[in-house]
Structures are given as C-alpha cells and as structure tokens.
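Worksheet for the structure shown next.
Residue numbers (my numbering): 1036 to 1267.
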C-alpha cells in the first residue's frame, strides 16, 4: 500500500508539473505538484476503501491541544534559519511577492492540504502500524524528500541537505501529531504553509544555493532534536 501511494504520488506530481506551465498559474502562488499525494490517496481509497478510511480517521475531527506548539515551532524554525542567514551574510533580506499575499497564503494552504492528506494523514498512520513514531516519521520524511525529484538536479550537497530538512520537519510534525491525534490535516497543512511562506518571504532556499538550505535544514534538525528529547 505504501509503495502504491508513493508511486502514484510521484507520477501524478510529474504530470501536474508538466501541465502547470500551460495553465498560467504562477508557481509563486501554488505548485500543482502538491496535489500528487491527494491523487494517490484517492487511488488508494478506490482500491482499499475501508483501510484508507481507517487511516484517515481523525484527520478532520477532535481536539488538537498541541496545535499552538506545532505552529509556533514552524515560526521558530524559519526565524532560526533567517536569523542565522542574516548573521552570516550581514543582513536579512525580504522578497516582495509579485502577487497579493492573501492569495498566496490561501493557495499555499490549499496546496499544503493536497500534500499533507497523503504524507501525514495517510502514510504516517500506515507506517505506524509497523514502526514506532520516530522511525515512521523519519521514513515519511525520507520519502517526502525523494518525492521532490527536481531538487536533486541542484547537486548532491543541495539534495542531501534538502533531505535533512524534510526528515527533520517530518519528525517535528510526526511526533506532534502523534500526541494530537486530531485535526491532523489542518495542523500539518498549517505547519507546512507557515514554513513555505516564511522561506518564500525571507530566504529562498529553493534557489539552488547551498547556504540557505543548509541553515534551513540545521534549524529544522534542532527543532526535531528538541521534539525527540521532550518525549523521553
């Protein structure tokens, strides 16, 4: 089931990526590739309806007490990366979006939901049936990073650091959502959106430059280590 999910999510993302230039939808606003995991969830729901429904249970109901902590962690991760970048380079940059910020924020949240319904709401619970929370989170983060295929065209250092970031972010989300067990989709998508918006505005870690992604990965890794230690 996990293999089918990853394969469909990857192929669907590739198709969406190929189609986007013809739609006129700016990538700054939303990347259609983000809906690849949602397509994979739909396929799995058609093949294994009962199992998929059981895995998704809790993705939209219940009380989420860890929500403020998780969302605050996203802000701290961005602040840590941006602050370190400012110290090293001598200043904090700000990139003014070319499109209305509210439009970008809403679209980013929708896109993040398209991703997270697959990664955190289906794949994480699926792997939790075989592994502990930390191992499952690391595996989801690894697959999540590998799913971003074009990233690895930027070179081995960039690709490796990007994997560090996705694994660390997955650990932060996975461990937090393990405690919440409710509103997983909104919490994961909110965390994802805050990360994306923060990096878009203050540090373009997708430029291919090694320093921004290294600092982003390091900041996320610190948050993951703190989250792991707090469970002991």
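For each residue, glycine too, the CB sits at the ideal point set by N, CA and C.
For residue 1218, the three-state secondary structure derived from DSSP is coil.
When the five nearest sequence neighbours on each side are left out, the beta carbons in the same chain lying within less than 7 Å of the beta carbon of residue 1201 are those of 1176, 1179 and 1180, in order along the chain. Excluding residues up to 5 positions away in sequence, 1142 and 1146 lie with their Cβ nearer than 6 Å to the Cβ of residue 1065 in the same chain.
In this structure, the alpha-carbon of residue 1263 lies about 25 Å from that of residue 1148.
DSSP, read as helix, strand or coil, puts residue 1248 in helix. In this structure the region 1125-1143 touches the region 1233-1240; the number of beta carbon pairs closer than 8 Å is three or more. When DSSP states are grouped into helix, strand and coil, residue 1183 belongs to the coil group.
Distance from residue 1084 to residue 1153 at the Cβ level is roughly 16 Å; contact not present, criterion being Cβ atoms closer than 8 Å.
With contacts defined by Cβ atoms closer than 9 Å, residue 1091 and residue 1225 do not form a contacting pair. In this structure residue 1208 is not in contact with residue 1163, their Cβ atoms being roughly 13 Å apart against a cut-off of 8 Å. Looking from the CA of residue 1197, the closest CA among 1109, 1245, 1050 and 1123 belongs to 1245.
Around residue 1041, the same chain offers 1178 as residues with beta carbons nearer than 6 Å, after the five sequence neighbours per side are excluded. Runs of the alpha helix (DSSP H) spanning 4 or more residues and lying entirely within the region 1043-1096 occur at 1071-1082 and 1084-1091, in chain order. Scanning its chain for C-beta atoms nearer than 8 Å, with the 5 sequence neighbours on each side dropped, one finds around residue 1110 the residues 1229 and 1233, in chain order. Secondary structure remark: continuous alpha helix (DSSP H) runs of at least 4 residues inside the region 1130-1162, in chain order: 1136-1153. Cβ-Cβ separation between residue 1220 and residue 1151: approximately 6 Å, consistent with a contact (criterion under 8 Å).
Nearest in C-alpha terms to residue 1183, of all of 1076, 1051, 1036 and 1037, is 1051.
The C-alpha of residue 1059 lies about 25 Å from the C-alpha of residue 1187. Annotation: the continuous alpha helix (DSSP H) that includes residue 1107 extends over 1102-1124. Residue state for residue 1036 is assigned as coil, using DSSP reduced to three classes. Here the C-alpha atom of residue 1076 lies approximately 7 Å from the C-alpha atom of residue 1157. Cβ atoms of residue 1074 and residue 1039 stay farther apart than 8 Å, at about 12 Å.
Taking 9 Å as the cut-off, the Cβ atoms of residue 1206 and residue 1169 count as close.
If you compare the alpha carbons of 1260, 1199 and 1222 with that of residue 1250, the shortest gap goes to 1199.
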